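Here's the structure, in structure tokens; my notes come after.
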Amino acid sequence: MKKIYLLLAILVFSLVLPALTTGASAAESTTSGTIVIALDLAHGQSSKLVSDLVNLSVPGVVFRVFGTYEGLESLGDTIASDALSGVDVLIFGEINKPLSDEEITAVKSWLDQGNKVLWIAGDSDYGDSGVARQEQANMLAERVGTHLRIDLVSVEDPVSNCGAGYRVAAVVPDEAPELVKLGITRPVLSHGPGVVAYVDDNGNWKSLKLGEATYPDNVFPLLATTANGTIVNNNDPEGNVYEIGDTGRFPIVAAEKLSSGSIVIVSGASPYGDYEPFIATEYYGVALDGPRFVENTLTWSLVEAGIIKVLLTAEDESGDELYQYPTNEVFVNGLFDLISFAVFDDGTNYIFKIGVKELGDNPWNGPNGFSLQYFTIYINTKDGGNTSGVPGSNIQISDDLAWEYAITITPGWESYIENPNSGNGPTALWLADGTVKTGIITVSASDGSDTVLVSVPKSELGDLENAGFIVTLGGHDGFGVKGYRPVSTEAEEWKFGGADSDWIIKDIAPRVVDVLPGGKDVLKPVEDKMPVLKEAVPKKAAPAPTGGLSPAIIAVSIIVIIIVAGIGVYMATRKE
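In this text, residue positions in the sequence shown follow this note's numbering: the first is -18, and each later residue adds one.
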């Protein structure tokens, strides 16, 4: 009988505890500390527009380089395991100089650790070295274990282009992940691109033409031609799967999630270097969303690889703003048009990403990377809280969305944060009781992608898993009303126009120009009162990690294990 009880105790431990610990680790999908993206410039790549790439608003990252680039820390001239030890994302622009066998082995070992991102950029078959670059990319892709390849052809688009068919104005397809599509309204340059294909486990090449091919569940199209895409062949050999004259939506960028949890991105053109990379903002008169595409792709890959966590994403497609812009030339169209919002968790910080139609080139050199906007994020986490807008905004929040935290994001001139409750509007965290905290928020902006990143320690905000968010945008003016740019009935050089005269007389004209969610209609005063914002962006329910259990269930289950095991041991050892 003693043996039976003892075996029972051991059985409980061996069967239940592993399941619990597996669930706990599966739920741990974020990483603490700085995320490192390494760019390869050690294999003959051009450094064209690297400066634009490293200034993108990718949550929580720093950039390093293999090779040399002014301003970036070098990891060496050779890709080795020790140099990769702290790297989360490795990007190969088009490879002109072959990697050594030792370098490829190091990359594969690094990728096999899981929760890594590898981007392999190829090229078209154009020119004396086009096919060689394709083959270099494919050799690396094969060795690291992805099924994705660059077929040995080129694709052109006679309709959607930047002045010539080979200057493809590619699009983010509807089939792409939502985070990749976020805020993108314009095409992306793909200068003389190759086409991505799939090689199955038997070595058979398969088409990934959108609308015809069936994609495996772990393969994602990220960028493609329009339906007018046309396959061409500039040099022998012919393609493995795509034939000359084929038309349709051909993938230029695709990604595969490996069994290790790592992500491999393969592209027929490059995010940097190249003749003209993806990241271009304009080409031959065509306005482009290249920076936002590269930024979104990197952000999505970090989330998909489990390096960071996304809490929500939202878009505003209304394109409407409440007021006419001031008449000074710095106020270009789109400055006060919110188009996207997202919240990320990197394990240590919450990172808020705000997208606008146009950030404005920072004409007065604001330290935070912009000069003209005043953003506020209101956060509702529970009942109660504050229903007033931040000073100067002239808005109210509905009772059911009363905020516990408000984050104000302004250009960041130091003199403007000395008196947070008066003057010019600080970059600060506001608590519902009126407390204002400065110096704890990190802000950066990318004029290329027209996005602003705001990082706040998680310890300051608590759990935001089920929070509601309201994002407002006004004009920043150091000589305005608590940092907000004034409004009037008619637009003036430094004032917004279009307010009703009664709003001005009664001081109920909102100084907020756009809000997400809702748009301009929810900003209009009603019945001689300031506008009350009644909508928030809720968290989108994230899928539970496979096998994951809540901390409460784990805790209770462990207690039960201890009790059962204790009884078993006691019954096994007591005297008959």
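Backbone N, C-alpha and C fix where the C-beta goes; we use that ideal spot for every residue, glycine too. Since this is a predicted model, take the numbers as computed values, not measurements.
Here Ala145 has no same chain residue with a Cβ atom under 7 angstroms from its own Cβ, once five neighbours each way along the sequence are excluded. Residue environment analysis places Val98 among the buried positions, since at least 16 neighbouring C-beta atoms fall within 10 angstroms of its C-beta. Secondary structure note for Ile486: its alpha helix (DSSP H) is the uninterrupted segment 482 to 486.
Counting C-beta pairs with one atom in each stretch, the segment 14 to 29 and the segment 301 to 321 have fewer than three that are closer than 8 angstroms, which means they do not touch. If you compare the alpha carbons of Lys418, Val161, Asp155, Asn349 with that of Val435, the shortest gap goes to Asn349. In this structure, the beta-carbon distance from His24 to Ile76 falls below 8 angstroms. Counting along the chain, the unbroken beta strand (DSSP E) around Lys238 starts and ends at 232 to 238.
The Cβ-Cβ distance between Glu156 and Pro202 falls below 8 angstroms. Residues of the same chain with a CB within less than 6 angstroms of the CB of Val35, apart from the 5 flanking positions on each side, are Phe44 in chain order. Short of 8 angstroms from the beta carbon of Ser38, and not among the five residues preceding or following it, lie these beta carbons of its own chain, in chain order: Glu276, Lys334, Ser425, Ala426, Ser427, Ser430, Thr432, Val433, Leu434. Phe312 carries a coil assignment under DSSP once its states are collapsed to helix, strand and coil. For Glu516 and Lys487, the gap between their C-alpha atoms comes out near 25 angstroms. Straight through space, the alpha carbons of Glu84 and Ser66 are spaced by roughly 14 angstroms.
Annotated three-state conformation of Pro202 is strand, per DSSP. Contact annotation: Ala383 and Thr362 have beta-carbon atoms that are not nearer than 8 angstroms.
Residue environment for Gly254: buried (at least 16 other C-beta atoms within 10 angstroms of its C-beta). If you ignore the 5 residues before and after Val112, its C-beta comes within less than 7 angstroms of the C-beta of Asp106, Leu133, Asn216, all in its own chain and listed in chain order. Where Ile85 is concerned, there is no enclosing beta strand (DSSP E), although the alpha helix (DSSP H) around it starts and stops at 82 to 93. In this chain, the alpha helix (DSSP H) harbouring Thr280 covers 271 to 285. Within the same chain, Cβ atoms closer than 7 angstroms to the Cβ of Gln117 are found at Ile76, Pro79, the five residues on either side in sequence being excluded. As computed with DSSP, Gln26 is found in no beta bridge at all.
Two segments are said to touch when three or more pairs of C-beta atoms, one from each, lie closer than 8 angstroms; by this definition the segment 162 to 180 touches the segment 255 to 272. Judged by beta-carbon spacing, Asn221 lies beyond the 8 angstroms limit of Ala261, meaning their Cβ atoms are not closer than that value. The beta carbon of Asn346 sits closer than 8 angstroms to those of Ser352, all from its chain and outside the five residues before and after it, given in chain order. If you ignore the 5 residues before and after Glu473, its C-beta comes within less than 8 angstroms of the C-beta of Pro307, Thr308, all in its own chain and listed in chain order.
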